[in-house]
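Asks:
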Amino acid sequence: MIGRLKGILVHKQPPWLVVDVNGVGYELEAPMSTFYDLPETGREVALFTHYAQKEDSVSLYGFLREGERRLFRDVQKVSGIGARIALAVLSGVSVDEFARLVQASDVAALTRIPGIGKKTAERMVVELRDRAADFGGGGGPLAGAGIGDAQSEAVAALQQLGYKPVEAARMAREAVAAGDDSATIIRKALQSALR
Numbered sequence: 081m082i083g084r085l086k087g088i089l090v091h092k093q094p095p096w097l098v099v100d101v102n103g104v105g106y107e108l109e110a111p112m113s114t115f116y117d118l119p120e121t122g123r124e125v126a127l128f129t130h131y132a133q134k135e136d137s138v139s140l141y142g143f144l145r146e147g148e149r150r151l152f153r154d155v156q157k158v159s160g161i162g163a164r165i166a167l168a169v170l171s172g173v174s175v176d177e178f179a180r181l182v183q184a185s186d187v188a189a190l191t192r193i194p195g196i197g198k199k200t201a202e203r204m205v206v207e208l209r210d211r212a213a214d215f216g217g218g219g220g221p222l223a224g225a226g227i228g229d230a231q232s233e234a235v236a237a238l239q240q241l242g243y244k245p246v247e248a249a250r251m252a253r254e255a256v257a258a259g260d261d262s263a264t265i266i267r268k269a270l271q272s273a274l275r
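Here the sequence shown is numbered in this note's numbering, starting from 81 and rising by one per residue.
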């Protein structure tokens, strides 16, 4: 199993990134919480990883913080939840915020995360409440591209999180401010959607 990678970040476009480790490029899928704090391409990065093998595919997921990886694994233990929804959770709220929502049994807020309906949110609360206090970690901003590129990157990332193209464009447009990078736009858009 691959538990951690350290190498040069050669590509990043949500939700995918590529890390070159001694000439081998590892393609990983990562939540937006990880993208917020990634260095610029060409710089060294160390990621905690989760390796998943199914009948027809092999996937590698990357996280800057151990708490994010732990939450990713714990969320998938909930009946009916897979990697896609686990990534949406980490992209929609911080680890600490998720723990708070679960401990408070805030089903309404959990259902605002793309891909999570009322029944799934209720199962998450029931199955994760006892472990929620053990979750730990967070997220921060990422330096990004110019405003036009940043807004289009934000729209693409929001679509990857399950929002319809029109809704993603509206969310990014409402969240954008002069000088914002794509990660900031995405974070503002998701925070606004959770209100």
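The C-beta atom is built at its ideal place from N, Cα and C for all residues, glycine as well.
(1) Do the CB positions of Leu108 and Leu144 come within less than 8 Å of each other?
(2) Grab me the residues of Ile265's own chain with a C-beta within less than 7 Å of its C-beta, minus the 5 sequence neighbours each way, in chain order.
(3) So, for Glu202: in the same chain, excluding its five sequence neighbours on each side, which residues have a beta-carbon less than 7 Å away from its beta-carbon?
(4) Could you tell me the distance, in whole angstroms, from the CA atom of Gln240 to the CA atom of Gln93?
(5) Measuring straight from C-alpha to C-alpha, what distance separates Thr191 and Arg123?
(6) Please report how far the alpha carbon of Asp210 lies from the alpha carbon of Arg180, in whole angstroms.
(7) Where are the beta strand (DSSP E) runs, 3 residues long or more, that stay fully inside the stretch 84 to 160, in chain order?
(8) DSSP three-state label for Leu270, please.
(9) Where does Leu241 fall in DSSP's three states?
(10) Are Leu89 and Pro119 close, meaning C-beta to C-beta below 8 Å?
(11) Taking just the CA atoms, how far does Gly195 sit from Ala168?
(12) What are the boundary residues of the alpha helix (DSSP H) that Asp210 is part of?
(13) So what does DSSP say about Val246, is it helix, strand or coil?
(14) Contact check, Ile193 vs Val173 under 8 Å by CB: the rounded distance?
(15) What does the alpha-carbon distance come out to for the pair Asp176 and Val246?
(16) For the alpha helix (DSSP H) holding Arg180, just list the boundary residues, first then last.
(17) Which two residues bound the contiguous alpha helix (DSSP H) that contains Val187?
(18) Helix, strand or coil for Ala252? Go by DSSP, reduced to three states.
(19) Is the separation between the beta-carbon of Met112 and that of Ala248 shorter than 8 Å?
Replies: According to the structure shown:
(1) no
(2) Ala230, Gln231, Ala234, Ala252, Ala255 and Val256
(3) Val187
(4) 11 Å
(5) 37 Å
(6) 12 Å
(7) 84 to 93, 96 to 101, 104 to 109, 124 to 133 and 138 to 143
(8) helix
(9) coil
(10) yes
(11) 7 Å
(12) Unbroken run through Asp210: none, as it is neither H nor E.
(13) helix
(14) 7 Å
(15) 30 Å
(16) Val175 to Gln183
(17) Val187 to Leu190
(18) helix
(19) no
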